[in-house]
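Have a look at the structure below before the remarks.
Have a look at this one:
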């Protein structure tokens, strides 16, 4: 080697500060990411140990009976119906706000997203207390569709904004009509977004408990929850098919190729269609949707609150404490999810190799772990291995962090995708160390994603019921558990203030998210496995 | 003085060989343009000098200081190498002032950045964010930011590629002037031969990960070391010929050769004639060869005529003609060549 060096190099003073190469170039973050992935997937391992210790006899006994078939049919039929309806509603509303000259567009974008701030069990409660006869598949489908369509609306609206209108213009110029252009060009462009949204809707439906308990529709999740109160081994055995079903849904998203998802910055805004005579019907339809999804449930909650003031004393004594608990748990859970998601989002920031991408994809799996399963696995872990943690708030926060980690990751990755590593390179070339560059260049770039991730996880945590019921320490009440306790006792009036408070807490992050997505700079997408 | 020396530099990404055995010396204080098609390894070469990537083998040294020898490598933040990436890559959350001052200590920041803004001609825009600046202004800020750390070397990665043609030429001249005023050693990567010819003191031609030619622009254009280099800079007519001594016979007649004092064997050779060396006549002239017009590419101030020579070889040549001249396809013309030509004996 040395004989190839020119004299000037040989004459140089013993080369100073020559570092060992390639050490630390992202290795540390991969190691950290790996640890986080193991942590996130631990509920699966715990579930396997739990089910195994229950014994095959128990599993066989619980699974292979007529009731399991009924539960499976119920769950699958409901999930398919809700996903189909939510997809239709989500795409239709996104088309209205993104591609038509809708008056007061900004207001509609917020109103259409707001239903995610209303817990599904509160919606179920509103319908059930108003129309007690409403129950079963129809009621469950209605409530879940109204509560989950924003999960399709948000990514589809973002995808429509991102897709280059020149493609549609080209289709028109080639003689294709409106319908043909929508079916052949627009729909394929937003297909990935629709799929991603539907997967979220399906997973939410599969893991929902409160709503189905209220409208008396049995699914795997309600059965697991009920079994847990009598026989925890049967519950863990039943969790196995539940998780398999959810993983199957998640896998569907990975199978559909996402070749349409090229990230191009549209050269200009799309030409919005004039609604003309369709204006009145469109506005009517949107108003009906908003009336059903927001006005009706909030109205009923307010109605029950007003009722209770005439009849009984409001059971609002614990409202302040419960609000505080909900707030603090959700804030801590959201912070934990974001802190965990940050290193994982950076794993493929500099080098996007196949193993690194696989590591990242693997961390989406908790999306398929219903709250009840995460909670059960943590209860199993605490009672079996770490009894001092049993019945502590810590466990609940861990559950929130694991369950909602993928949502935080989606948001931060969307920001990371727009913060090219080249910027960090320039920072380094200006003589700043990696830490300074991270703090002053990379982190500010990721900030929108971090904040959005925080809002999203907070929103889901504050409206979460199942894991909260199972993990909240005895004597600690949150808004969700208090609402649930009162409405289970048919004290609808007493439950109302708690429901309203949840909506109030969740509304602010929901509005922030809606406006954020609408600005168009920020476009998270459910990454395929 | 900050001479950059690359010796036997090899770099692969996976199975793809990007640079193989690159040898290049960039003299201190000069502007060297690295010219090559996309995928020729230009950007990788810059990233290696900046320290964003590490060598597989070979060595890189600046001012005699060894930076990377294929085993060990100095970190980019310790190299003092200014880097201006393709589209500027300004930090979007910082103002022009914040961008330029990024690499400076807090106490010098204000004064130094104002001086730099003046140097790049952007006084008064210090509070603007990158999205409030035009493409050319962004590039000026990116250059000022790179110069702020008083680097021994400035690397520019196709800095003008996203600008429109008129702005490009103007900014190019400005940047060259600023770099010369700052007396830094600069490497400018480009795929635009006109840019390279106009701005650089030295041009290195990169093809398939190798430096195939390296010289000052004038010599490289007139006197390329081989046909590959001849074709990569400017338009080139290559004709088959027969060499005898200091002259050669080809389809355009008997032409003088540039020998540069070297003696080359007689025999079949390939001759290089630039389009400026060919003159078109509309009437038959002594010592001119008859030809048929294929196409006239009109450039406004001048044009480039493609003609087929009436010679058994049926070779096509390009001749630069006045913009006033109008030629029809199939029209008969007479081509006269003025030497000296460059010849390579086969």
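Residue numbers (my numbering), protein chains in the order written: chain A, 54 to 582; chain B, 31 to 376. From the three backbone atoms N, C-alpha and C, an ideal C-beta is built for every residue, glycine too.
Using a Cβ-Cβ cut-off of 9 angstroms, residue 353 of chain B is close to nothing in chain A; its nearest Cβ partner there is about 34 angstroms away. Counting only the Cα atoms, residue 265 of chain B lies some 26 angstroms from residue 60 of chain B. If you keep only unbroken alpha helix (DSSP H) runs of at least 4 residues inside the stretch 35 to 109 of chain B, you get 72 to 80.
By the rule that beta-carbons nearer than 8 angstroms mark a contact, residue 494 of chain A touches chain B. If you draw a straight line from the Cα of residue 165 of chain A to the Cα of residue 203 of chain A, it is about 7 angstroms long.
Against chain A, the CB of residue 298 of chain B has no partner CB under 8 angstroms away; the residue lies outside that interface.
Per DSSP, the beta-bridge partners of residue 270 of chain B are B/300. In the pairwise beta carbon analysis, the stretch 308 to 324 of chain B is classified as touching the stretch 362 to 374 of chain B: at least three pairs are separated by under 8 angstroms. Taking 8 angstroms as the cut-off, the beta carbon of residue 66 of chain B is found closer than this to the beta carbon of residue 236 of chain B. With respect to chain A, the C-beta atom of residue 79 of chain B has no partner C-beta closer than 8 angstroms.
Taking 9 angstroms as the upper bound on Cβ-Cβ separation, chain B lies near no residue of the stretch 191 to 222 of chain A. Legend: CB atoms of the stretch 160 to 178 of chain B lying less than 9 angstroms from CB atoms of chain A belong to residues 172, 175, 176, 178. Taking the Cα of residue 261 of chain A as reference, the smallest distance to any Cα among A/398, A/176, A/328, A/231 is reached at A/176. Proximity of residue 107 of chain B to chain A, defined by a Cβ-Cβ separation below 8 angstroms, is satisfied.
The residues 131, in chain order, have a CB closer than 6 angstroms to that of residue 139 of chain B in the same chain once the five nearest residues on each side in sequence are set aside. Sequence-distant partners of residue 50 of chain B (beyond 5 residues in either direction) whose C-beta falls short of 7 angstroms from its own C-beta, in its chain, are 40, 239, 240.
The beta-carbon distance between residue 301 of chain B and residue 372 of chain B, rounded to whole angstroms, is 7 angstroms. This is short enough to meet the 8 angstroms contact definition. DSSP places residue 320 of chain B in the strand class (E or B) of the three-state scheme.
The C-alpha of residue 151 of chain B is placed about 56 angstroms away from the C-alpha of residue 316 of chain B. The alpha-carbon separation between residue 500 of chain A and residue 466 of chain A amounts to approximately 11 angstroms.
Residue 542 of chain A sits exposed, since fewer than 16 C-beta atoms from the chains shown fall within 10 Å of its C-beta. In the three-state reduction of the DSSP assignment, residue 394 of chain A falls in the helix class, which pools H, G and I.
Put simply, the CB of residue 135 of chain B is far from chain A, with every gap to its CB atoms at 8 angstroms or more.
Taken through DSSP and simplified to helix, strand or coil, residue 235 of chain B comes out as strand. Taken atom to atom, the span from the alpha-carbon of residue 280 of chain A to that of residue 377 of chain A is near 31 angstroms. Contact between residue 533 of chain A and residue 518 of chain A holds: their C-beta atoms lie close to 5 angstroms from each other, under 8 angstroms.
Bridge partners of residue 374 of chain B according to DSSP: B/300. DSSP places residue 355 of chain B outside both helix and strand once states are collapsed to three, so it counts as coil.
Nearest to residue 331 of chain A by alpha-carbon distance, out of A/89, A/155, A/93, A/547, is A/155. Per DSSP, reduced to three states, the secondary structure at residue 332 of chain B is strand. Within the stretch 445 to 475 of chain A, those residues whose Cβ lies closer than 8 angstroms to any Cβ of chain B are, in chain order, 473, 475. For the pair residue 62 of chain B and residue 242 of chain B, the CB atoms are not nearer than the 8 angstroms cut-off. The beta carbon of residue 483 of chain A falls within 8 angstroms of a beta carbon belonging to chain B, placing the residue at that interface. By the CB criterion at 8 angstroms, residue 510 of chain A and residue 390 of chain A fall inside the cutoff. Bounds of the beta strand (DSSP E) holding residue 366 of chain B are 362 to 367. Within the same chain, Cβ atoms closer than 6 angstroms to the Cβ of residue 278 of chain A are found at 262, 425, the five residues on either side in sequence being excluded.
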